[in-house]
Amino acid sequence: MRALEKQQQRGAGDAPRYAAPEAIVTLAQLLRVLFDSSFGQKGDDTQITDVDSMLEHMNDSLDTVIRRRARVDVRDQGQAQSVFQENRFLAWLESDNSDMILIDGNMEPSSRDKVSAMSLFCGNFVLTMTKLESQDVYTHFFCGFHNSPMDPWQGPKGLLQFVIVQLLAALEARNCLSLDFLFKQSQIKELKESDIDQLCRVLHELISEFPPETTVYCIIDGIQFFYRDAYLSDLELLVRHLKVVIGDDYLKAKFKVMMTVPFRSPGLLKKEVGKMRLIHLTARHLSPRALSGRGLEARLGRRSSPSPRPRSRDAREGSRRASSDSDSDSSSDEETE
Numbered sequence: 114m115r116a117l118e119k120q121q122q123r124g125a126g127d128a129p130r131y132a133a134p135e136a137i138v139t140l141a142q143l144l145r146v147l148f149d150s151s152f153g154q155k156g157d158d159t160q161i162t163d164v165d166s167m168l169e170h171m172n173d174s175l176d177t178v179i180r181r182r183a184r185v186d187v188r189d190q191g192q193a194q195s196v197f198q199e200n201r202f203l204a205w206l207e208s209d210n211s212d213m214i215l216i217d218g219n220m221e222p223s224s225r226d227k228v229s230a231m232s233l234f235c236g237n238f239v240l241t242m243t244k245l246e247s248q249d250v251y252t253h254f255f256c257g258f259h260n261s262p263m264d265p266w267q268g269p270k271g272l273l274q275f276v277i278v279q280l281l282a283a284l285e286a287r288n289c290l291s292l293d294f295l296f297k298q299s300q301i302k303e304l305k306e307s308d309i310d311q312l313c314r315v316l317h318e319l320i321s322e323f324p325p326e327t328t329v330y331c332i333i334d335g336i337q338f339f340y341r342d343a344y345l346s347d348l349e350l351l352v353r354h355l356k357v358v359i360g361d362d363y364l365k366a367k368f369k370v371m372m373t374v375p376f377r378s379p380g381l382l383k384k385e386v387g388k389m390r391l392i393h394l395t396a397r398h399l400s401p402r403a404l405s406g407r408g409l410e411a412r413l414g415r416r417s418s419p420s421p422r423p424r425s426r427d428a429r430e431g432s433r434r435a436s437s438d439s440d441s442d443s444s445s446d447e448e449t450e
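Residues 114 to 450 in this note's numbering are what the sequence shown lists, from first letter to last.
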């Protein structure tokens, strides 16, 4: 009876409170989990001490793409730039909503190299947009560089880990990273095992943390490299989950995905992505035209841009690369992957 009276005397503010879940890992610990799961726990502590170190390692593929420009057929480079004549691409670029596109380059079979004209377009797009609209986030993954079973970032799982690290870096730089969604030991165990469902959930949670004024881009080049038996189920799950994130009504930021294939996409991939998200490029008697950061900046710079904001460390680095790219073609063959 006394207990009942005390309960009635308590105000609403005295109701029992339950503590919100808190993260059981730090950023450094999470990076170690992702690094070890990719490199088979063979990573050297001197290689990855913080997010900046890991990001610098990951940007090697972006630099390699830009340096290999001279190896790419200039006619294919012209065809890649014809994407600016596609209304669907312009709609994806300008939309205030999350969106996904898959671009078929429809180039010759000789384009089946790790670096194609579509790779070159993607690399320049990331660097140029980082320079022009530095308030946004630009994640990237070049599948051709991660197609070997010996590669630590191989397959769709490696793609997710790669992009997750880039998102962690962007959130940390903006001082808005929270890992409170990782509050169970079972979640950490699944991440150590590179469980693709858990990786997809982490990706979704991190994108959810960006503020409303941000657009998060996810640029995936050469997705056809992963369309084979060993990766097929994981790739289909990845594409489906990307569509789930895009369709999330509670997402504050905009999430824009661009996937590219230098020739024609596999039929199952096109079906999974959806007809309304597919773009086919054609030669259209285009004259050969080299693709450069400066040329792309001229095209993208015509768009209405938001008010200038303070540029992050990543944005300044991207600007440096884009400027370097636009100044020189000739030395690209001297570098190797």
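Glycine residues also receive a C-beta, built at the ideal position from the N, C-alpha and C atoms.
Note that the structure is predicted; figures quoted are calculated from it, not measured.
How many whole angstroms separate the CB atoms of residue 413 and residue 245, which I take to be in contact at a CB cut-off of 8 Å?
Residue numbering aside, residue 413 sits at position 300 when the sequence shown is read from its first letter. Residue numbering aside, residue 245 sits at position 132 when the sequence shown is read from its first letter. Between residue 245 and residue 413 the Cβ distance is about 6 Å, and since that is below 8 Å, they are a contact.
Quick one: Cα of residue 323 to Cα of residue 279, how far?
By 1-based counting over the sequence shown, the position of residue 323 is 210. By 1-based counting over the sequence shown, the position of residue 279 is 166. Straight-line Cα distance between these residues: approximately 13 Å.
How many Å lie between residue 196 and residue 329 at the Cα?
As a working note, residue 196 is residue 83 in the sequence shown. As a working note, residue 329 is residue 216 in the sequence shown. The straight-line gap from Cα to Cα measures roughly 20 Å.
Sort 210, 289, 387, 391 by Cα distance to residue 364 and report the nearest one.
Residue mapping note: residue 364 aligns to position 251 of the sequence shown, counting from 1. Of 210, 289, 387, 391, the residue nearest in Cα terms is 210.
Can you tell me whether residue 133 is helix, strand or coil according to DSSP?
Within the sequence shown, residue 133 is the residue found at index 20, counting from 1. Collapsing the DSSP output to three states places residue 133 in coil.
Could you check what DSSP says for residue 252 in three-state terms: helix, strand or coil?
In the sequence shown, the residue the question calls residue 252 occupies position 139. Three-state result, residue 252: strand.
So the candidates are 403, 294, 251, 176; which of them puts its Cα closest to the Cα of residue 133?
Along the sequence shown, one-based indexing puts residue 133 at 20. A check of alpha carbon separations from residue 133 across 403, 294, 251, 176 identifies 294 as the nearest.
Would you mind reading off the limits of the beta strand (DSSP E) that contains residue 297?
Reading the sequence shown from its first residue, position 184 is the one you call residue 297. From DSSP, residue 297 is part of no beta strand (DSSP E); its letter is neither H nor E.
Per DSSP, cross-strand counterpart(s) of residue 331
In the sequence shown, residue 331 corresponds to position 218, counting from 1. The partner list for residue 331 (beta bridge, DSSP) reads 252, 370.
Per-residue DSSP class, three states only, for residue 404:
For the purposes of this step, residue 404 is identified with residue 291 of the sequence shown, where counting begins at 1. Reduced to three states, the DSSP call for residue 404 is coil.
DSSP-derived helix/strand/coil call for residue 213
The residue you call residue 213 lines up with position 100 of the sequence shown. The answer is strand: DSSP assigns residue 213 an E or B state.
For residue 391, the three-state DSSP class (helix, strand or coil)
Along the sequence shown, read from residue 1 onward, the residue named residue 391 stands at position 278. Here residue 391 sits in strand by DSSP.
Roughly how many angstroms separate the alpha carbons of residue 227 and residue 317, rounded to a whole number?
Start at 1 with the first residue of the sequence shown, and residue 227 comes out as number 114. Start at 1 with the first residue of the sequence shown, and residue 317 comes out as number 204. Cα to Cα, the separation comes out at about 28 Å.
Sequence-distant residues of its chain with Cβ nearer than 6 Å to residue 370 (five each side left out)
Counted from its first residue, the sequence shown places residue 370 at position 257. Taken in chain order, the residues that qualify are 213, 331, 355.
Counting C-beta neighbours from all protein chains within 10 Å, is the total for residue 150 16 or more, i.e. buried, or is it exposed?
The count along the sequence shown starts at 1 and reaches residue 150 at position 37. So residue 150 counts as buried.
With residue 353 as the anchor, note down where its alpha helix (DSSP H) starts and where it stops.
As a first step, residue 353 must be located in the sequence shown, where it is residue number 240. Where residue 353 is concerned, the enclosing alpha helix (DSSP H) stretches over 345 to 359.
For a test of the three-state rule: what should DSSP assign to residue 139, helix, strand or coil?
By 1-based counting over the sequence shown, the position of residue 139 is 26. Coil at residue 139, not helix or strand.
Pick out whichever of 381, 234, 301, 392 has its Cα sitting closest to the Cα of residue 147.
Counting from one through the sequence shown, the residue named residue 147 turns up at place 34. If we check each option's Cα against that of residue 147, 301 comes out closest.
For my contact list, residue 253 and residue 235 are in at a C-beta cut-off of 8 Å; report their separation, rounded to the angstrom.
For the purposes of this step, residue 253 is taken as the residue at position 140 of the sequence shown. For the purposes of this step, residue 235 is taken as the residue at position 122 of the sequence shown. Contact annotation, residue 253 with residue 235: C-beta distance approximately 7 Å; criterion of less than 8 Å satisfied.
Just to confirm, are residue 255 and residue 307 a CB contact at a threshold of 8 Å?
If you number the sequence shown from 1, residue 255 lands on position 142. If you number the sequence shown from 1, residue 307 lands on position 194. Cβ distance not < 8 Å, so residue 255 and residue 307 don't count as in contact.
Following the continuous alpha helix (DSSP H) through residue 166, name the residue where it begins and the one where it ends.
Residue 166 sits at position 53 when you count from the first residue of the sequence shown. For residue 166, the uninterrupted alpha helix (DSSP H) run begins and ends at 164 to 171, by DSSP.
Delimiting residues of the alpha helix (DSSP H) encompassing residue 317
Position 204 of the sequence shown, counted from the start, is the residue given in the question as residue 317. Residues 309 to 321.
Under 8 Å between the Cβ atoms of residue 339 and residue 401?
Mapped onto the sequence shown, residue 339 falls at position 226. Mapped onto the sequence shown, residue 401 falls at position 288. No, the pair does not count as a contact, with Cβ atoms beyond the cut-off.
Span of the alpha helix (DSSP H) around residue 270
Working through the sequence shown from its first residue, we reach residue 270 at position 157. It spans 268 to 286 - the alpha helix (DSSP H) in which residue 270 sits, taken as one unbroken run.
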